[in-house]
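In this text, residue positions in the sequence shown follow my numbering: the first is 535, and each later residue adds one.
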Amino acid sequence: MFSVLLVACARSDNGKSSAPLQRFSIHGEVMRLEPNDKLATIRHEKIVGYMEAMTMTFPVKDAQEFGGLQPGNCIDGTVFVQGDNLWVGEIKHTDTPADKCVTPPSAEPQKTP
Numbered sequence: 535m536f537s538v539l540l541v542a543c544a545r546s547d548n549g550k551s552s553a554p555l556q557r558f559s560i561h562g563e564v565m566r567l568e569p570n571d572k573l574a575t576i577r578h579e580k581i582v583g584y585m586e587a588m589t590m591t592f593p594v595k596d597a598q599e600f601g602g603l604q605p606g607n608c609i610d611g612t613v614f615v616q617g618d619n620l621w622v623g624e625i626k627h628t629d630t631p632a633d634k635c636v637t638p639p640s641a642e643p644q645k646t647p
């Protein structure tokens with residue numbers, strides 16, 4: 535019994551998830567970078583099928599992609615989700631100025647009494 539548990543733990547510790555890899559398009563503005571942990575805080579539009587528009591910190595696995603980011607960059611990319619892990623990759627810079635990068639969520643129309 536003990537050896538079965540040990541093998542199961544060893545398999546789950548190898549860094550590979552058996553959960554399916556999901557991909558979602560992201561469009562947003564880089565707000566802040568944390569170089570020590572390769573984290574990018576991105577103010578993004580709604581990620582269709584995954585989350586509403588917000589500002590969130592994402593890991594960037596690829597060191598070269600992370601190195602090409604600067605606060606104020608307007609980017610398109612992919613959010614990868616596998617089990618409890620998520621990260622941003624396939625990052626492309628756009629020519630959109632930062633002040634026009636992210637469209638604010640549309641406001642609910644005001645109801646008149």
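Note that the Cβ used here is the ideal one computed from N, Cα and C, for glycine as well. Quick caveat: nothing in here was measured; it's all calculated off a predicted structure.
Check, Outcome
"Exposed unless 16 or more other CB atoms sit within 10 angstroms - verdict on Ala553", "exposed"
"Cut-off 7 Å between Cβ atoms - residues of its own chain near Thr630, not counting five sequence neighbours on either side", "Cys608"
"Cβ shell of Leu567 (< 8 Å), same chain only, five flanking positions each side left out", "Leu573, Ala574, Thr575, Phe600, Leu603, Gln604 and Pro605"
"Euclidean distance between Cα positions of Glu586 and Gln616", "19 Å"
"Any C-beta of chain C under 8 Å from that of Glu586", "Although the question refers to chain C, the structure presented lacks it and comprises just one protein chain."
"Cutoff 6 Å; reference His578; Cβ partners in own chain excluding five residues on either side", "Ile560 and Gly562"
"Beta bridge counterpart(s) of Ala574 as assigned by DSSP", "Leu567 and Phe592"
"Inter-residue spacing [alpha-carbon to alpha-carbon] between Gln556 and Trp621", "11 Å"
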